[in-house]
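Numbering (full-length UniProt numbering), first residue to last: 1 to 228.
What follows is a set of notes on a single structure, which appears directly below.
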Amino acid sequence: MESNIFGLLMQATPVVKGVLSILVLMSVASWSLMLQKWIVLSSARRKAAQGLSAFTHARDLREAVQSLSGDHTSPLYQVAQEGVAEYNRLRDMQSSEDVVADNVRRALRQGVSMQTSRLSSSLAFLATCANAAPFIGLFGTVWGIMHSFHSIGLMKTASLAAVAPGISEALVATAIGLGVAIPATVGYNLFLGMLNGIEVQLVNFAGVFLNRVQRELHAAAPSRGDAA
């Protein structure tokens, strides 16, 4: 059976061969991307969970931030750096508590957005494969069937032996198109769910970070009043 299919593909028209080549390249690229995304998102999810736990149990903001410094690739560390930079800048300017809290909140929100965007990169390619591959395969099928009917007209016979090979090679294009689209669809939905979970972790972390900032500001408020 496999040799018969391979033989049919070798006898296919140049257009159908071109379609099949595109689908094979899409399949290789999508599987490579899915493997990479699985490693990246699984690692990010694990690091986010571990970092959030360590950050929550730290005694103060400085210790909490230091608990994340062991892995600079962690998405929580990257978000924390946005908040720390803004907090230190406004603290040196002796800004009011409300100004500091609002600006740190915006900095954290920006950090979450940047990390989510970074982790979601290339997912659009999976969506493109999932949506386009069946239609590319269908194009190859339609072209192959058109070629088969043209051959029938030239041969002036409509026997099964004359029709079957051309239609078979045409249908292989649709089958391969579906073989590309189905894994890409499953992978896209799986990674989208993982990404949403990581985004929730980052948003929760931003809330915990902001609470620690506000507690430190409140604790420092009496000393500021005494100094005044």
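C-beta: ideal position from N, C-alpha, C; glycine also.
Option in the options with minimal Cα separation from residue i
i, options, result
"Val40", "Leu195, Gly177, Val208", "Leu195"
"Gln115", "Gly193, Thr73, Asn131", "Thr73"
"Glu169", "Val142, Leu61, Arg106", "Val142"
"Ala107", "Gln94, Thr56, Ala80", "Ala80"
"Gly193", "Leu20, Ser42, Ile22, Ser21", "Ser42"
"Gly197", "Ile22, His147, Ala101, Leu119", "Leu119"
"Cys129", "Gly144, Gly83, Gly177", "Gly177"
"Thr70", "Ala48, Gly83, Asp60", "Before going on, a small fix: residue 70 reads as Gly here, not Thr. The option with the nearest alpha carbon to Gly70 is Ala48."
"Gly83", "Ala124, His218, Val208", "Val208"
"Gln50", "Ala64, Lys37, Arg59", "Ala64"
"Ala175", "Tyr77, Asn204, Phe135", "Phe135"
"Thr185", "Met26, Val100, Glu97, Arg59", "Met26"
"Thr13", "Leu171, Gly144, Gly179, Asn204", "Gly144"
Rounded straight-line distance, which links the Cα of residue j to that of residue i
i, j, result
"Gly140", "Leu52", "51 Å"
"Ala206", "Phe55", "11 Å"
"Met146", "Ile167", "9 Å"
"Asn103", "Glu199", "20 Å"
"Ala132", "Ser148", "24 Å"
"Leu61", "Gln94", "18 Å"
"Asn211", "Arg46", "23 Å"
"Ser21", "Gln66", "51 Å"
"Gln214", "Gly111", "18 Å"
"Tyr87", "Ser30", "41 Å"
"His90", "His57", "For clarity, residue 90 is Leu in the given sequence; the question names His instead. Cα to Cα, Leu90 sits roughly 25 Å from His57."
"Arg109", "Ser117", "12 Å"
"Arg105", "Leu126", "33 Å"
"Arg59", "Leu68", "14 Å"
Interface flag, residue i vs chain D, CB-CB below 8 Å
i, result
"Arg215", "Absence of chain D from the displayed structure is noted, only one protein chain being present."
Residue i and residue j closer than 8 Å at C-beta
i, j, result
"Val16", "Ala173", "yes"
"Pro75", "Leu190", "no"
"Gly137", "Met34", "no"
"Leu217", "Val99", "no"
Secondary structure, alpha helix (DSSP H): runs of 4+ residues fully inside the UniProt domain "MotA/TolQ/ExbB proton channel" (80-199): 97-119, 123-155
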